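Protein chains in written order, with my numbering: chain A, 116 to 209; chain B, 78 to 574; chain C, 176 to 673.
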Amino acid sequence: MILTTEQVRKIAALARIKLTDDEVEKFRKELSVVLDYVSELEKVNTDGVEEISQVTGLENVLREDIARLSEFRDAIIASFPERKDDFLKIKSIL
Amino acid sequence: MELAYLEISELAEKLRKKEISSVELTKYFLERVKKYGTENELNAFLTITEKEALLQAEEADRILSKDPNASVLTGIPYAAKDLFSTKGIRTTASSKILDQFVPVFDSTVISKLNSEKSVLLGKTNLDEFAHGSSTETSAYGPSKNPWDTTRIPGGSSGGSAAAVAAGLVPFALATETGGSIRLPASLCGVCGWKPTYGRVSRYGVIAMTSSNDSPGTIARSVKDLAYTAEILSGHDAKDSTTSVKDIPNYAANLRSDLKGVKIGVPKEYFVSGMQPEVETKIHEAIEKLKELGAEIIEVSLPLTKYGSLVYAIVTPAEISSNLARFDGIRYGHRSKDAKELLDIYAKSREEGFGDEAKRRIMTGTYALSAGYYDAYYLKAQKVRRLLVNEFNDVFEKVDALVCASVPNVAQKIGTAKDNPLFGYIADQLNIPASMAGLPALSIPCGFAKTEDDTSVEMPVGLQIIGPQWGEQNIFNIGHAYQTITDWHKKYPKGFGE
Amino acid sequence: MEEKNVTNEYTPVIGLEIHVQLKTKSKMFCDSPNNPDETVPNTNICEVCTAQPGTLPVANKEAVRLGTMLGLALNCKIANNCKFDRKSYFYPDLPKGYQISQYDKPIAEHGYLDINVDGVVKRVRIRRAHLEEDAGKNIHPEGLGYSLVDYNRAGCPLIEIVTEPDITSAKEARIFLEELRNIVRYIGAGSADMEKGTMRLEPNISVRKPGQQELPNYKVEVKNINSFKFAESAIEYEIARHIEMLKEGQTPKQVTMGWNEKASQTVEQRSKEEANDYRYFPDPDLPVLKLSDEFISNLQSALPELPAAKRLRFEEEYGLPDEDIQNLVNWKELTEYFEEVVSEIQAWIKAEHTNEDELKLVKMAANWCLQDFSALLNAAKINPSESRITQENFAELLKHIADGKISVTAGKKVFSEMFEHGGEPDHIIEDLGLTQISDTSEIESAIDNVIKSNEKAVLDYKAGQQKSFGFLVGMAMKELKGKGNPQLVNEILKKKLE
Ligand SMILES: [Mg+2]
Ligand SMILES: [Zn+2]
């Protein structure tokens, strides 16, 4: 499985990681190695096998609908990298 | 020295008999942490919490003076892998993206130890976001193996394993995803417990692979692990994947013989590339188990070799999703030269993540992207079901499995670098149990010469794997073994004898 | 199949995606309050809904119950086996970098909703309805070069309903939305208020060319619609735009448009993002949901009477006109109130064994609810349950009007007095001296006086001038200080003039 430079760039864009050209090439090679490595898995016959979700078989875990104000609210706001009053502030999205 | 390598139960006894106070114990271990644990020494600690520790120790002493039934862990110092959120205490995951990050809340496991008045001395080094098997991917440099400081301690919980091995703390919190407790425990010659998935809450532990992550402990003996297991286990309303199953009195139930116990030895775990001397040590350990009365049965787990492949898909896929929240928006590193929104993301993540994290995010993003999901993640989760079934079948016949934790002893720092498959190979014997959510231990069972230098001997770890929720089985086997061997009593030289 | 219909004209093909915020106390996956009315930014936030490292979701049982109820109300098949998936994309209002949603195993599928379009029943198929969490809100202060984020809404429970493209006009879309809103309100699943954003619509619009059988090869999504009116306008606008383009031989671009309220037109949105790749996968933090048949059938039988059934019943039992029925049903609380007034009326008729015309009273009740009562409620911006008029007093007043104790005009006075200050109609009628005179002798003597002193009018009437009769009635009422029973006054006057 050999990835193209274009594919690597597309993945990086999806993952929101800025890469230099050298890094694109480096990851292109390394990802190809990993994908090669896992390609062996095709050999396992999984016809009719349902994918697993919880390995312990747990299901139906729900909480009661009880509301509570968090004691951490102020601390969370205090840790925003930038803020305006109680808002989180960021570069303009528009 | 008279305290550094004592077990939790021995220290607890001294506290109870007032031979020593928790404050004195805390000061004693803090001195060791500051002397041996820092950047230029073992580089095991990223943050030392001296002030908080002394306050907590005073609190513990108050409890100990009034309550004769205080828990074994009351007043006992410990360290926590820097992946556990600690309220008001810097928590980095060994990543630059969280370099100055201070959580607003405690992880459930930390809360539990807080209520026992155990004393947190600091946060230990790890592979960045636990992505690795050597601590070399840490943004703060690798930790060193106390048995030979030119060698890796293993990872990702390398700082925790090194700290326990060098007697800097009696026990340490660690986490496993695919060997991150057993591997460093094995390479550093200490005992590590990887719980059944869902036995110990993941709440507040920075997520790596949500379907695998299992917080556990590293300590000096299986009995110590059993004590910690009693405290750390249990349902957590904040973690939907934890179990409501009862928690046995693991430590009190321990037995010193193995009569009637059936132990499987999976032939596929003696892999090619395994050091012969390691294999010899494992066979010697199996002989000891036989001496203790266990029935040894050879078993077969043919899907073993696929474990690492499943892991190599599931893990990056979940990582790519779990690390999306580190985006420079709400907390953590936000790039200084971000000019627009897209820059906040792309630059903060470029600057904040190391190579291994980026590699895994990229691999996982690819594996989950349109058109590839079925071939990768879905396929892996199907094979994973087969793995679980295969283990279930074998546990119909045996109470536990034993094998090596790692095929090789610790290698030199720097030799794992740039091999994108290093972790998958180093952890190939740990990963299958991880993928099946099984509990497992690694305990010391001797020493073997290193592959690069025959004049150096490094610890070998025996792995004991139980069925889901079968912690008691593996603790019993490990403990019985430690009643007739003293490998777990060995400690490295050079740390203050 | 609808898609196969060959048409001779341009036919709109419209599918709707509707997000409805579920009315739970806490958010979908954490216990922060779910309060759409919160105005202080970042008040209802915690470590989970701001995605602090290490935090985990725990699903809200009530949201699952409400989602199931709504699925059932939309005639869907409820999944015995459903799960939550992660939908990945980066946006500042999305704390985790993924939204927890449901991808290939939604809670409800394959339903339908019958709507009434000008008296004709039209079936709109529901493709699916799934549970998910809401994002926060990005705010863009004008001209300041930065944006602000409020996470109060982040993590609030939503159900997303997706229809098949069965809708063929803006009006149908509006009626569908109103019906859906009513259903959501009737089952208590939410307020479904478009203005407040607790119901949000994203229509997908395309147009078939004359003779075209298959679905068009493009569709345009419209966002930023926050009222029923805008929904209708935006869809109409798009349809016209598409038809114009198609006529010129062009195919509209597959884009997302936004409704611009001021310009009354849709505008292409600037999101030039490359094709989305949401990388869905099952959320490992949330065990699968296995909804038992018992759970489902219990909820099925717990469903209240839904708008369609109510409409049918109002028509069959009360013979109310279509428009009145629809107007009543569109206001859930008013309908409830109306039905309680009706019960009072029925109880009274039963207890007193009167031969009062029940249907007549029920129709009066409907009229009073829709006219005077609605007007007063709207002016006061309150709901029927908050008004001072009890259902018992409401019925009592209608009774007095029906049996002529007071006039309709007087009734209105009493009604607004009751609305303002509460109190029983009997007391108010007495206090205001509004009791109608139905004593024949009193009316007769008043009429005698009027006839005596208005000879000209009497002569005019006898000469055939009808309007003089009205004048004489007015004079008689004046004589009676406005309290004369109009019916009796009419009858007696007529008799005396013969
Ligand atoms: Mg949605
Ligand atoms: Zn919350």
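Built from N, CA and C at the ideal position, the CB exists for glycine as well. Values in this document were obtained by computation on a predicted structure and should not be read as measured data.
Exercise. Which of the three DSSP states, helix, strand or coil, is assigned to residue 206 of chain B?
Worked result: Numbered from 1 along the second sequence, position 129 holds the residue referred to as residue 206 of chain B. In the three-state DSSP reduction, residue 206 of chain B falls in the helix class (H, G or I).
Exercise. Quick one: Cα of residue 436 of chain C to Cα of residue 402 of chain C, how far?
Worked result: The residue given as residue 436 of chain C occupies position 261 in the third sequence. The residue given as residue 402 of chain C occupies position 227 in the third sequence. If you take the alpha carbons of residue 436 of chain C and residue 402 of chain C, they lie about 10 angstroms apart.
Exercise. In chain B, which residues lie with their C-beta within 7 angstroms of the C-beta of residue 131 of chain C?
Worked result: Since the displayed chain C opens at 176 and closes at 673, residue 131 of chain C lies outside it and no answer follows.
Exercise. Within 8 angstroms (strictly less), CB to CB, does residue 364 of chain C reach chain A?
Worked result: As a first step, residue 364 of chain C is located in the third sequence; it is residue number 189 there, counting from the start. False, the Cβ-Cβ gap to chain A never drops below 8 angstroms.
For this session: Just confirm the distance between the C-beta atoms of residue 552 of chain C and residue 562 of chain C, as a whole number of angstroms; I'd bet it's less than 8 angstroms.
Result: Translated into the one-based positions of the third sequence, residue 552 of chain C becomes position 377. Translated into the one-based positions of the third sequence, residue 562 of chain C becomes position 387. Going by Cβ atoms, the distance from residue 552 of chain C to residue 562 of chain C rounds to 6 angstroms, so yes, they are a contact pair.
Exercise. In terms of residue numbering, what span does the beta strand (DSSP E) encompassing residue 263 of chain C cover?
Worked result: Taking the third sequence and counting its residues from 1, one reaches residue 263 of chain C at position 88. 260-263 is the extent of the beta strand (DSSP E) around residue 263 of chain C.
Exercise. For residue 486 of chain B, which of helix, strand or coil comes out of DSSP?
Worked result: Counting from one through the second sequence, the residue named residue 486 of chain B turns up at place 409. Reduced to three states, the DSSP call for residue 486 of chain B is coil.
For this session: Go through its chain and collect everything with a Cβ distance to residue 237 of chain C's Cβ below 7 angstroms, but skip five positions before and after it.
Result: Within the third sequence, numbered from 1, the residue matching residue 237 of chain C stands at position 62. The answer, listed in chain order, is 199.
Exercise. Should the region 369-385 of chain B be regarded as contacting the region 509-516 of chain B, the criterion being three or more beta carbon pairs within less than 8 angstroms?
Worked result: yes
For this session: Output yes if chain A places a C-beta closer than 8 angstroms to the C-beta of residue 304 of chain B; else output no.
Result: Position 227 of the second sequence, counted from the first residue, corresponds to residue 304 of chain B. Closer than 8 angstroms: no.
Exercise. Since residue 445 of chain B meets chain C, which of its residues come closer than 7 angstroms, beta carbon to beta carbon?
Worked result: Reading the second sequence from its first residue, position 368 is the one you call residue 445 of chain B. Within 7 angstroms Cβ-Cβ: 454 and 456.
Exercise. Residues in its own chain within less than 7 angstroms of residue 508 of chain C by CB, not counting five upstream and five downstream?
Worked result: By one-based count along the third sequence, residue 508 of chain C stands at place 333. Answer for residue 508 of chain C: 558, 559 and 560, listed in chain order.
Problem set entry | Burial state of residue 305 of chain C (16 or more Cβ within 10 Å) | To locate residue 305 of chain C, count along the third sequence from 1; it is residue 130. Buried, because 16 or more other Cβ atoms sit within 10 Å of the Cβ of residue 305 of chain C.
Problem set entry | Own chain, CB closer than 8 angstroms to residue 406 of chain C, minus 5 neighbours either side, in chain order | As a first step, residue 406 of chain C must be located in the third sequence, where it is residue number 231. 345, 348, 349, 352, 369, 376, 378 and 400.
For this session: Check residue 410 of chain C in the structure and name its three-state DSSP category.
Result: For the purposes of this step, residue 410 of chain C is taken as residue 235 along the third sequence, with counting starting at 1. It is helical.
Exercise. Near ligand 1, which residues have their beta-carbon less than 7 angstroms from any of its heavy atoms, given in chain order?
Worked result: C/194, C/276, C/307, C/333 and C/335
Exercise. Which residues in the same chain as residue 566 of chain C place their Cβ atom closer than 6 angstroms to its Cβ, once the five residues preceding and following it in sequence are excluded?
Worked result: As a position in the third sequence, residue 566 of chain C is number 391, starting the count at 1. Excluding positions up to five away in sequence, the list reads 515, 516 and 519.
For this session: When you get a sec, list the residues whose CB is within less than 6 angstroms of any heavy atom of ligand 2, chain order please.
Result: C/202, C/205, C/207, C/220, C/221, C/223, C/224 and C/330
Exercise. Of all the CB atoms in chain B, is at least one closer than 8 angstroms to the CB of residue 198 of chain A?
Worked result: If you number the first sequence from 1, residue 198 of chain A lands on position 83. So no, residue 198 of chain A is outside the interface.
For this session: Taking C-beta pairs closer than 7 angstroms, name the residues in chain B that residue 460 of chain C reaches, listed in chain order.
Result: As a working note, residue 460 of chain C is residue 285 in the third sequence. Result: 287, 317 and 318.
Exercise. Got a sec: is the Cβ-Cβ distance from residue 182 of chain A to anything in chain C below 8 angstroms?
Worked result: Within the first sequence, numbered from 1, the residue matching residue 182 of chain A stands at position 67. Yes, its Cβ sits closer than 8 angstroms to a Cβ of chain C.
Problem set entry | N- and C-terminal bounds of the alpha helix (DSSP H) containing residue 363 of chain B | Taking the second sequence and counting its residues from 1, the one referred to as residue 363 of chain B is at position 286. Unbroken alpha helix (DSSP H) run through residue 363 of chain B: 353-368.
Problem set entry | As assigned by DSSP and simplified to three states, the class of residue 663 of chain C | One-based indexing of the third sequence puts residue 663 of chain C at position 488. Correct three-state label for residue 663 of chain C: helix.
Problem set entry | As assigned by DSSP and simplified to three states, the class of residue 550 of chain B | Along the second sequence, one-based indexing puts residue 550 of chain B at 473. In this structure, DSSP gives residue 550 of chain B a helical state, which the three-state scheme calls helix.
Exercise. When the cut-off is 8 angstroms and only beta carbons count, does residue 166 of chain A lie next to chain B?
Worked result: The residue you call residue 166 of chain A lines up with position 51 of the first sequence. Interface residue, yes.
Problem set entry | CA-to-CA distance, residue 197 of chain A to residue 107 of chain B, given in whole angstroms | On the second sequence, residue 107 of chain B is found 30 positions in, with the first residue counted as 1. On the first sequence, residue 197 of chain A is found 82 positions in, with the first residue counted as 1. Each residue's alpha carbon lies about 36 angstroms from the other.
For this session: Flag this pair as touching only if the region 257-274 of chain B and the region 540-560 of chain B have three or more C-beta atom pairs under 8 angstroms; answer yes or no.
Result: yes
For this session: Grab me the residues of residue 41 of chain B's own chain with a C-beta within less than 7 angstroms of its C-beta, minus the 5 sequence neighbours each way, in chain order.
Result: Limits of chain B in this structure are 78 at one end and 574 at the other, which puts residue 41 of chain B out of reach.
Problem set entry | is_contact[residue 575 of chain B, chain A] using C-beta, thresh 8 angstroms | Not covered by the structure: residue 575 of chain B. The range shown for chain B is 78 to 574.
Exercise. With 16 as the cutoff for other CB atoms within 10 Å, does residue 349 of chain B come out buried or exposed?
Worked result: Residue mapping note: residue 349 of chain B aligns to position 272 of the second sequence, counting from 1. In summary, residue 349 of chain B is exposed, with fewer than 16 beta-carbon neighbours lying within 10 Å of its beta-carbon over all protein chains present.
Exercise. Would you say residue 132 of chain A faces chain C, with C-beta separation under 8 angstroms as the test?
Worked result: Taking the first sequence and counting its residues from 1, one reaches residue 132 of chain A at position 17. Residue 132 of chain A does not count as touching chain C.
Problem set entry | Spatial distance of residue 125 of chain A from residue 261 of chain C (CA atoms) | Here residue 125 of chain A corresponds to residue number 10 of the first sequence, with the count starting at 1. Here residue 261 of chain C corresponds to residue number 86 of the third sequence, with the count starting at 1. Cα to Cα, residue 125 of chain A sits roughly 20 angstroms from residue 261 of chain C.
For this session: For residue 620 of chain C, count neighbouring C-beta atoms within 10 Å of its own C-beta (all shown protein chains included) and say buried if the count is 16 or more, exposed if not.
Result: Translated into the one-based positions of the third sequence, residue 620 of chain C becomes position 445. Per the 10 Å Cβ criterion, exposed.
Exercise. Is the distance from the Cβ of residue 280 of chain C to the Cβ of residue 256 of chain C below 8 angstroms?
Worked result: If you number the third sequence from 1, residue 280 of chain C lands on position 105. If you number the third sequence from 1, residue 256 of chain C lands on position 81. Yes, they are a contact pair.
For this session: Quick one: residues in its chain with C-beta nearer than 7 angstroms to the C-beta of residue 265 of chain C, no 5 flanking neighbours on either side, listed in chain order?
Result: The count along the third sequence starts at 1 and reaches residue 265 of chain C at position 90. For residue 265 of chain C, where only same-chain residues beyond five positions count, the Cβ hits under 7 angstroms are 272.
Exercise. What are the boundary residues of the beta strand (DSSP E) that residue 124 of chain B is part of?
Worked result: The residue you call residue 124 of chain B lines up with position 47 of the second sequence. Start and end: 122-125.
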